[in-house]
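Novice:
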Amino acid sequence: MKGYPSHLADNGHVYWKNATLNDQSIDLGQGICRSFAKYSVSFNEIRWDSIRATEGWAGLQHHALLRTTIRIYPPELPSVFNNGEPAYLTIAANQVSHIAILDSESSDSTIHWQTGNIYAYSDAPRIHVPLVYNNQHVDRPNFEDRGSATDSITLVPGEAKQLDVLVGLDYEIRLFGDPLGFANTTVPAIEADIHIEIEHPIGLHRHAGTLDVHSIDKKLLLSSNELGAGGACMSVGDSASHIVPHFVDGWAYGDMIGVEVVSCSREALVIDKASFVIAKTSHGLPVLSIVDFKPVVLAASQTRIVSLKLAQENPVEAGLGSLIVTLSIRPHVSEIDTVFYQINATIPLVNHESINHPEPQELGIHLTYASVTSTPASAVVLPPKTMDPVVDSGTRILLALHGAGVMHTNPAWILALPRPPKTWVLVVHGLTPWGMDWREASRADACSALRALVLKITDFWNEEDYCAAHDSVKSIALAKSKEQTRVPVIITGHSNGGQGTLFLSSQFPDGFPALIPAAGYTSARLYVSVQHSRASLFSDAALQAIMKASLQGQDGDIIAGNLVFSRVHLVHGGDDENVPVWHSRERMALIKAWDPDSDVRFTEVPGKPHIWPTIFKDEPIASRIDELVAFPYGISHSALKPFTYTVVWPSEAGSMRGWRIRELSVPGRLAKLSVNQNRVRTTNVYGLSVNTQRAGINSRLVIVDNQQINLPSSPTVWLRRGLGQWEVVDPYAPYPSGPLSHILNSPEPISIVIPSDNNAHYHSVARRLAHNLYTYLKLDCVVVKDDEAIEQARPGGSVVVIGGSRNRYGIKVRSSPLQVHPDGSISISGFKYDQAGTGALSLHKNHLYMDAVDESGYERALLAFPLRTGVPGPEWMILGQECDRKGYAGVYAAGFWDRDGELSEIMSYFN
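Okay, structure coming up:
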């Protein structure tokens, strides 16, 4: 038997072995056929206790590959394929990192990996693989004239079809827990389950209870280029997948509704109109309407959230238990002579009698708002127990960040939170239960939720007072006649939310003056140590430095000094079985290393585990929380003390005592401001601003890097390096430097632009990317052909451009140093890359370009796309075939742009 080298096993080799099948079932029914398998994968022969003794938890992390098969028998399912409508093999791969379906009869040798649902989200969309009956005419264009690249599977009547399945499995302690604590064993086990269905519109219509589908009028002649071989098909998600505000005394608590829809069509569909079936009171008065509706385009098999912005004129009546939203749909290919058909979505409503009613007081009110990619999102608001309609100097907001895998609506989490007097508790989501560990797009979601609540209770928002929302709108005033009140915000969180509390407060120290982190890691990168990463065994130290620089913005410990003026109280169970208690001890010591007099306290509770119901309500924590909430926050005399403010990416950070870094001299390196009253020393800073009142500067004279500068009388002054000298300048927009993952923080749906011609594989890559972003982060995407993108106005959100020189839109807008050529090659700084399997990712001016020499190169680039925290991705990188075996050590070149968007030689690596 062939063995494979592995450092984990005795004698250094591992072999194929049978996995344990814990459960399986098969359900054959008209329209739908289901199969389910649950696997338990463990390697008892490996001496894990010995490995753990020297390497700790990190030694348990490992990757495994599972092989299995799927068999389809077309004669047993004649109704699925006999009418020419689309059918799909749909897959739900829970706690699986990647899955590939291989058809041995296909001429395409490239493996098309699909991203699995590694976090086992209950609302994750299923993977759709088209099934084609062999007597259907299906246009399957070639990929660069080298064979078909569609993902469809062809079935032949009377012949069984066997498909090979490869399943990528990863053991991570956050997913499966510590085996010692949860199973009393030293052997880690991966639990994964795979659900397979053959799905057909007939069965879909029958089984979806809230779905009301009216077929396209059969009298309307649709040409083959409109709907091809299949019919138009769409379904609505279940009620739990929709985003709906609660109503209080008949009024919506938020201005957004989101309706999840799933295309089961082979062609793109457009939702052109949306309306409420019941939009008036019993007296005929208008109640709810939809404003500013934008058409929603769904690619084949895509899942999207339809965003509905609400306008309300009168209260909803108490007896109304649901709303019916009607969506009008047409084929995307034609707007002329097209008859719409409709889907009705029934959305349950929760209407509280008042804000002081017991239910909203205990479990909160669902507040909705527009989040990243303008997707509707929700947060839970717990109003003050003694409701005071007047917002004054004593009003507070407590921002609560949940732990990994915890829904923000989880009653146990909500009931565990403290309820200080005159305090609005805001329980935010961060996009999904795991999100990005409260970084980047997840951070932007939390700030967008905070903005929605601040506007609801004060009518005024100023980003400088809080943090940057997803669209970076600087200020909003809903009622200009009202006094502009700033409400101090205190942050708390547990576990992943604990480290998120530390991170967010360090990024926006002026916005969050106090924090109560519980059981949190000091930094997200310590969840899974990169010490044993595959790439580190092969890569040049210069390349490792570039890759680590791309992750530096996720580090919490490196910016711990930003909390020296914050009031911090850490909480940790002394017997925490999940997050070692030393993390909180280390964070306290780290802050005090910057300032021994900083107000940082720590309560280590002997004998307590990772979480317990009264973690925030036991003494002395409860009294300390009340003290922190009641403190009269304002301009502090501590601004006169010297301090150092550290920033990685200026677009992700706010101000500290009024000083804010706006632009870096060398993007990718740390920037620091060392401030001593009106004297400032800069490190790697090219642009900055100062709010003189918040900075405590009485004189208009400041000394920056030994240069005297007289400040104008405006409240906030911007400075920028000129020809070796600092100059007072007007506010400006610096070049948006950052790692690849910054593309995810988009104010509008992410546009994925693909070539119009010979686009089968490009469309496959785009469809899988949109699926991945929705699965992991609930980010909304629209797939657009390049000729359409050229005709449309420049997108206001992020854009992913796929197809290299074949993408006409990409060629028109591309201005980065990384260039593509008609022969498929990629070049930068005089180096040309044309090796088979080469792919590239580069971020430039809110466009991420996905280029490749061939089909396998695009697959490699798709796998490297940053979806989760800890995935290295500098501003640009070129990937080679060796990445399959050596991780990022197979990268040919990588780096960052300079502050003007040109090549930064000092921050680049070339192999």
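In the working numbering, the protein residues as written are 348 to 1258.
Here a beta-carbon is modelled for each residue, glycine too, at the ideal position from N, C-alpha and C.
No experiment lies behind these values; they were computed from the predicted model shown.
1. Among all the DSSP beta bridges, which residues are the ones paired with M1197?
2. Taking the alpha-carbon of L825 as reference, which of R798, N843, I838, Y813 has the nearest alpha-carbon?
3. For D857 and G1001, what's the separation of their Cα atoms in angstroms?
4. Taking 8 angstroms as the limit between beta carbons, can you name the residues of its chain near I1056, skipping five residues before and five after?
5. Helix, strand or coil, according to DSSP, for A366 in the structure here?
6. List the endpoints of the continuous beta strand (DSSP E) containing K641.
7. Contact between the region 917-933 and the region 864-873 is defined here as three or more beta-carbon pairs at a separation below 8 angstroms; is this criterion met?
8. Taking the Cβ atom as the reference point for each residue, do R914 and P960 lie within a distance shorter than 8 angstroms?
9. Within this structure, are the beta carbons of I838 and S852 separated by less than 8 angstroms?
10. Can you tell me whether F885 is helix, strand or coil according to DSSP?
11. Between the Cα of G505 and the Cα atoms of D517, Y480, V512, which residue gives the shortest distance?
12. Report the rounded CA-to-CA distance for I604 versus V653, giving the unit in angstroms.
13. Can you confirm whether the region 1077-1093 touches the region 1211-1219 when touching is taken to mean that 3 or more C-beta pairs between the two stretches lie within less than 8 angstroms?
14. Who are the near neighbours of D942 in its chain, counting only those whose CB is closer than 6 angstroms to its CB and skipping five residues on each side?
15. Please look up how many angstroms separate the CB atoms of R314 and I1137, rounded, as I've assumed it's under 8 angstroms.
16. Should the region 687-707 be called in touch with the region 763-771, which here means at least 3 C-beta pairs below 8 angstroms?
17. Pick out whichever of P730, L745, I1175 has its Cα sitting closest to the Cα of A977.
18. Could you check which residue in N1038, A471, L800, K1132 has the C-alpha nearest to that of V680?
19. For E706, count neighbouring Cβ atoms within 10 angstroms of its own Cβ and tell me buried if that reaches 16, exposed if not.
20. State the start and end residues of the unbroken alpha helix (DSSP H) segment that holds E1135.
21. Which residues in the same chain have their Cβ closer than 6 angstroms to the Cβ of D1245, if we skip the five residues on either side of it in sequence?
22. Select from T991, S387, A439, V753 the residue whose C-alpha is nearest the C-alpha of W785.
23. Quick one: what does DSSP say W760 is sitting in, helix, strand or coil?
24. Determine the closest residue to T991 out of W1006, P997, G1242, E999, with distance taken between C-alpha atoms.
25. For V697 versus A621, is the C-beta distance shorter than 8 angstroms?
26. Take A599 and list the residues in its own chain whose beta-carbon comes closer than 6 angstroms to its own, dropping the five residues that flank it on each side.
27. Does M311 come out as helix, strand or coil in the three-state DSSP assignment?
28. Let me make sure I understand the geometry here. Which of P730, S725, V1200 has the alpha-carbon closest to that of Q708?
29. Going by other Cβ atoms of all chains shown within 10 Å of its Cβ, with 16 needed for buried, is G350 buried or exposed?
30. Measure from the alpha carbon of D531 to the alpha carbon of each residue in L522, E402, D396, R521, then state which is nearest.
31. For N369, collect the residues of the same chain with a Cβ closer than 6 angstroms to its Cβ; drop the 5 residues on either side in sequence, then sort them by chain order.
32. Span of the beta strand (DSSP E) holding S1255?
33. Is the distance from the Cβ of G359 to the Cβ of H445 below 8 angstroms?
34. For T673, name the three-state secondary structure that DSSP assigns.
35. Taking the C-alpha atoms as reference points, what is the distance between I419 and R381?
36. Alpha carbons only, please: which of H1191, G1217, I1175, C1230 is nearest the one belonging to Y1256?
Specialist: Considering the structure as presented:
1. Here residue 1197 refers to the residue found at position 850 when the sequence shown is read from its first residue. The beta-bridge partner set that DSSP reports for M1197 consists of I1149, L1188.
2. Here residue 825 refers to the residue found at position 478 of the sequence shown. Closest by alpha carbon: R798.
3. Numbered from its first residue, the sequence shown carries residue 857 at position 510. Numbered from its first residue, the sequence shown carries residue 1001 at position 654. Each residue's Cα considered, the two are about 7 angstroms apart.
4. The residue labelled residue 1056 in the question sits at position 709 within the sequence shown. Same-chain partners within the cutoff: L1048, V1049, I1050, L1066, W1073, V1075.
5. In the sequence shown, residue 366 corresponds to position 19, counting from 1. A366 falls in the coil class under three-state DSSP.
6. Within the sequence shown, numbered from 1, the residue matching residue 641 stands at position 294. DSSP places K641 outside any beta strand (DSSP E), giving it a letter other than H or E.
7. Flag = yes, the region 917-933 and the region 864-873 touch.
8. In the sequence shown, residue 914 corresponds to position 567, counting from 1. In the sequence shown, residue 960 corresponds to position 613, counting from 1. Not closer than 8 angstroms, so no.
9. As a working mapping, residue 838 is identified with position 491 in the sequence shown. As a working mapping, residue 852 is identified with position 505 in the sequence shown. Between I838 and S852, the C-beta gap is smaller than 8 angstroms, which places the two residues in contact.
10. Within the sequence shown, residue 885 is the residue found at index 538, counting from 1. Three-state result, F885: coil.
11. Counting from one through the sequence shown, the residue named residue 505 turns up at place 158. With distances taken between Cα atoms, G505 lies closest to Y480.
12. Counted from its first residue, the sequence shown places residue 604 at position 257. Counted from its first residue, the sequence shown places residue 653 at position 306. Answer to the nearest angstrom: the Cα atoms are 8 angstroms apart.
13. Under the three-pair Cβ rule at 8 angstroms, the region 1211-1219 counts as touching the region 1077-1093.
14. As a position in the sequence shown, residue 942 is number 595, starting the count at 1. These residues qualify, in order along the chain: V911.
15. Only positions 348 to 1258 of the chain appear in the structure, and residue 314 is not among them; the question remains open.
16. Taking 8 angstroms as the limit for Cβ pairs, the verdict is that the region 763-771 does not touch the region 687-707.
17. In the sequence shown, counting from the first residue as 1, residue 977 sits at position 630. When each option's Cα is compared against that of A977, the closest is L745.
18. Start at 1 with the first residue of the sequence shown, and residue 680 comes out as number 333. Answer by Cα proximity: K1132.
19. Your numbering for residue 706 matches position 359 in the sequence shown. Classification for E706: exposed.
20. Here residue 1135 refers to the residue found at position 788 when the sequence shown is read from its first residue. Its alpha helix (DSSP H) spans residues 1133-1138.
21. Residue 1245 sits at position 898 when you count from the first residue of the sequence shown. Scanning its chain for C-beta atoms nearer than 6 angstroms, with the 5 sequence neighbours on each side dropped, one finds around D1245 the residues S1251, in chain order.
22. The residue labelled residue 785 in the question sits at position 438 within the sequence shown. If we check each option's Cα against that of W785, V753 comes out closest.
23. One-based indexing of the sequence shown puts residue 760 at position 413. It is helical.
24. Your numbering for residue 991 matches position 644 in the sequence shown. That would be W1006, whose Cα lies nearest to the Cα of T991.
25. Translated into the one-based positions of the sequence shown, residue 697 becomes position 350. Translated into the one-based positions of the sequence shown, residue 621 becomes position 274. The answer is no: Cβ separation not under 8 angstroms.
26. Here residue 599 refers to the residue found at position 252 when the sequence shown is read from its first residue. So the list reads P592, L657, Q659, once near-sequence residues are dropped.
27. Here the chain comprises residues numbered 348 to 1258, so residue 311 is not present and cannot be evaluated.
28. Here residue 708 refers to the residue found at position 361 when the sequence shown is read from its first residue. Here the closest residue by C-alpha is P730.
29. For the purposes of this step, residue 350 is taken as the residue at position 3 of the sequence shown. Exposed is the call here.
30. As a working mapping, residue 531 is identified with position 184 in the sequence shown. Here residue 531 is Asn; the residue named in the question, Asp, does not match the sequence. Among L522, E402, D396, R521, the Cα nearest to that of N531 belongs to D396.
31. The sequence position of residue 369 within the sequence shown is 22, counting from 1. Within the same chain, N369 has close Cβ partners K385, S387.
32. Here the question's residue 1255 lines up with position 908 in the sequence shown. Its beta strand (DSSP E) spans residues 1250-1257.
33. As a first step, residue 359 must be located in the sequence shown, where it is residue number 12. As a first step, residue 445 must be located in the sequence shown, where it is residue number 98. Not in contact: G359 and H445 (Cβ atoms no closer than 8 angstroms).
34. Along the sequence shown, one-based indexing puts residue 673 at 326. Three-state result, T673: strand.
35. Here residue 419 refers to the residue found at position 72 when the sequence shown is read from its first residue. Here residue 381 refers to the residue found at position 34 when the sequence shown is read from its first residue. Computed Cα separation, rounded: 11 angstroms.
36. Here residue 1256 is taken as the residue at index 909 of the sequence shown, counted from 1. Per the Cα distances, I1175.
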